[in-house]
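Asks: Just passing along the structure, written as structure tokens.
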Amino acid sequence: VYAQPSLEFGQNYQVIPENNIDQKFPYSAIDSNDILHLVWVNDNNGNKDVYYAQSYDGGFSFSEPVRMNSHANTVVAYIQSGPKIAVRGEEIIVVFMDDRTGYTSVYINVSTDSGTSWGDDIRVSDQMYLEAYPEIGTGIDETLHLIYYSYNQNYLLNSVRYSTSPPGSIDFSSSIPVGITNEEMEPCDCCQPNIVIADNGDMIIGYRNNISNLRMHYIVKKEYGSDSFQEPVQISYYSDYSSYCPSSGPSLSIENNSIAAGFYVSQHNNSYVSHASLDSLMFSEEVNVNPGSGSSQNFPFVVLKESVIHTAWIDYRNGNPDIYYGAVDLGGDELLNEQRISDDPEESSNVQKDPFLIWKNNDLICFWSDNRTGDYQIFMANSGGDQSETITITYSSDWNLVGLPLNVDDASYEILFPEAVEGTLYGFYDGYEIENQLEMGRGYWLRFNSSG
């Protein structure tokens, strides 16, 4: 069985260009209406803010970015630990870290209309001192599951906290400890955890553990309906002794009754993938993403689809870091279809980082942060077709991204948007085409007589 050898990434797009700003840590989700939601961090000389935009055409165009944090310039973010998204029906929930109060805490901002409008952000962590590395997921019953790390006043790790918000509410319960911190072990205190939720509602947390400086990757499961977490289970069997935190956590993905994992072993300076049945949670032997390379790989991101583990990672084989991709089926012992996603010259001094993979229908999309323009900017490529050149998308202030959120009697743009310029409604079908009617679940560009 071969791992989708025909899948090829096309040319690169710079999706939301901004001058003199570093864009980092992209994260995306797709809702039931096929809208792609994207968040990232804008970094202006160390002053960080979280921004959101949405796309109706798979990332080829985006709405005007909206800032998620009401208090400017106090967002905290690291590699793997930027903003995250959870989707719950028409609700889009963005979670991030912010130190506006003096200690880093966990905040969310929520849109109740699929990202069209946003309210004020609110703090959802409840501990006394520093709280960091949040992760959020939506359960099968639409309960929101939130975890984060809590630290003592001296900044040593105290516990991993778990909190929930019931369907129809954004009020989170008082947090409880997950129970994976004790005298013998604790999660690495600067490695991002990961949450995945199975079809039966079971929740699994992936994290890098620390047992007397053995820093291997583990998962811990909470069964649906249970109030407690089970005993931790190893993902990786490689010994990974390190006197310092490697700052690289695992990536998890679930499909049907299988779970895939991607992780970095600091002692080898290499990245690996493995998998297990959700029944046994006995993980397979690790597969190196690039065994022929003497250079390091780090920060693998995995997605599992049709029994194939797709992974993107940072690879140093050409000197400066590039984004690479490969795939392996659940019964395989080597990655196939390896390819370099970033399409700038291999000998360049550019830096690519923060890879993120997401499926949109049958297209695999990769987002990452790339400094080929001078500043770090969000780039993307997808497997849906080749493009002839790298494309930069620019904005004109009087154009707006519009959609039809509800069924209406008359879907003509002249009725819905009487202030629009006549003959300027464009839909996207492998290219832009002029339209007269809006269809539910699709996005359009429409020009107005003035911005706003």
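With our numbering applied, the sequence shown covers -13 to 438.
No residue lacks a Cβ here, since even glycine has one placed at the ideal position from N, Cα and C.
#1: In three-state terms, what does DSSP make of residue 292?
#2: Measuring CB to CB, does residue 180 end up less than 8 Å from residue 238?
#3: Since I believe residue 108 is in contact with residue 93 (beta carbons under 8 Å), could you give me their beta-carbon distance rounded to a whole number of angstroms?
#4: With respect to the beta strand (DSSP E) encompassing residue 241, which residues constitute its N-terminal and C-terminal limits?
#5: Pick from 407, 346, 386: whose alpha carbon is nearest that of residue 429?
#6: CA-CA distance, residue 39 and residue 198?
#7: Return the chain-ordered ranges of every beta strand (DSSP E) run that is complete within the stretch 243 to 287 and spans a minimum of 3 residues.
#8: I think residue 226 touches residue 264, with their Cβ atoms under 8 Å apart; what is that distance to the nearest whole Å?
#9: Which of the three DSSP states is assigned to residue 402 in this structure?
#10: Which partner residues of residue 76 appear in the DSSP bridge assignment?
#11: Have a look at residue 213 and residue 166 and give me their C-alpha separation to the nearest angstrom.
#12: Any idea what DSSP makes of residue 142, helix, strand or coil?
#13: I need the straight-line Cα distance from residue 306 to residue 334, nearest angstrom please.
#14: Going straight from the alpha carbon of residue 247 to that of residue 409, what length do you get?
#15: Output the distance between the C-alpha atoms of residue 210 and residue 187, rounded to the nearest integer angstrom.
#16: DSSP puts residue 301 in a beta bridge; with which residues?
#17: Along the beta strand (DSSP E) that carries residue 334, what are the first and last residues, could you check?
#18: Compute the distance between the beta-carbons of residue 11 and residue 68, then report whether it is under 8 Å.
#19: Just tell me which of 215, 66, 243, 233 has its CA closest to the CA of residue 174.
#20: Quick check on residue 163 - is its C-beta less than 8 Å from some C-beta in chain D?
#21: Following the continuous beta strand (DSSP E) through residue 40, name the residue where it begins and the one where it ends.
#22: Terminal residues of the continuous beta strand (DSSP E) containing residue 352?
#23: I need the boundaries of the beta strand (DSSP E) containing residue 366, first residue and last residue.
#24: Which same chain residues, not among the five before or five after residue 344, have their C-beta less than 6 Å away from its C-beta?
#25: With 16 other CB atoms within 10 Å as the buried threshold, where does residue 121 fall?
#26: First and last residue of the beta strand (DSSP E) that includes residue 12?
#27: In the DSSP output, what is residue 82 paired with across the bridge?
#28: Would you kindly work out how many angstroms separate the C-alpha atoms of residue 276 and residue 6, rounded to a whole number?
#29: So, does the stretch 148 to 157 touch the stretch 119 to 137, judging by three or more C-beta pairs under 8 Å?
#30: DSSP on residue 381, reduced to helix/strand/coil?
#31: Under a three-way DSSP split, which group does residue 150 fall into?
#32: Assign residue 21 to one of three DSSP states: helix, strand, or coil.
#33: Kindly indicate the opening and closing residues of the beta strand (DSSP E) around residue 120.
#34: Go ahead and pull the three-state DSSP assignment for residue 131.
#35: Give the straight-line distance between the Cα atoms of residue 191 and residue 16, rounded to the nearest whole angstrom.
#36: By Cβ distance below 6 Å, which residues in the same chain neighbour residue 269 in space, the five residues on each side in sequence not counted?
Replies: Working from what's here:
#1: Note: residue 292 maps to coil in three-state DSSP.
#2: Yes; because the gap between Cβ atoms is below 8 Å, this pair is in contact.
#3: With 8 Å as the limit, residue 93 and residue 108 qualify as a contact, their Cβ atoms being about 6 Å apart.
#4: Counting along the chain, the beta strand (DSSP E) containing residue 241 begins and ends at 237 to 241.
#5: It is 386.
#6: Going from the Cα of residue 39 to the Cα of residue 198 covers about 43 Å.
#7: The DSSP assignment places 244 to 251, 256 to 263 as complete runs of the beta strand (DSSP E) inside the stretch 243 to 287, in order along the chain (cut-off: 3 residues).
#8: With 8 Å as the limit, residue 226 and residue 264 do not qualify as a contact, their Cβ atoms being about 25 Å apart.
#9: Collapsing the DSSP output to three states places residue 402 in a helix.
#10: Looking at the DSSP assignment, residue 76 forms no beta bridge with any residue, so it has no partner.
#11: Rounded to whole angstroms, the separation of the alpha carbons of residue 166 and residue 213 is 15 Å.
#12: In this structure, residue 142 counts as coil in the three-state DSSP scheme.
#13: One C-alpha to the other measures close to 8 Å.
#14: Spanning the two alpha carbons is a distance of roughly 49 Å.
#15: Roughly 5 Å separates the two Cα atoms.
#16: Beta-bridge pairing links residue 301 to 283, 308.
#17: No beta strand (DSSP E) holds residue 334; DSSP gives it neither H nor E.
#18: Between residue 11 and residue 68, the CB-CB gap stays under 8 Å.
#19: Distance from the Cα of residue 174 is smallest, within the candidate group 215, 66, 243, 233, for 233.
#20: Here there is only one protein chain, and chain D is not present.
#21: Note, residue 40: beta strand (DSSP E), 33 to 41.
#22: Here the beta strand (DSSP E) through residue 352 covers 349 to 356.
#23: Note, residue 366: beta strand (DSSP E), 363 to 368.
#24: These residues qualify, in order along the chain: 14, 351.
#25: It counts as buried.
#26: Residue 12 -> beta strand (DSSP E) spans 8 to 16.
#27: Its beta-bridge partners are 93.
#28: Looking at the two C-alpha atoms, the distance is approximately 35 Å.
#29: Contact between the stretch 148 to 157 and the stretch 119 to 137 is present, because at least three Cβ pairs lie under 8 Å.
#30: In this prediction, residue 381 scores a pLDDT of 48, lower than 50, which makes its location untrustworthy; no coordinate-derived value is stated.
#31: Residue 150 sits in a strand when the DSSP states are folded into three classes.
#32: It is coil, neither helix nor strand.
#33: That run of the beta strand (DSSP E) goes 117 to 124.
#34: Annotated three-state conformation of residue 131 is strand, per DSSP.
#35: Those two C-alpha atoms are separated by around 21 Å.
#36: Within the same chain, Cβ atoms closer than 6 Å to the Cβ of residue 269 are found at 221, 260, 262, the five residues on either side in sequence being excluded.
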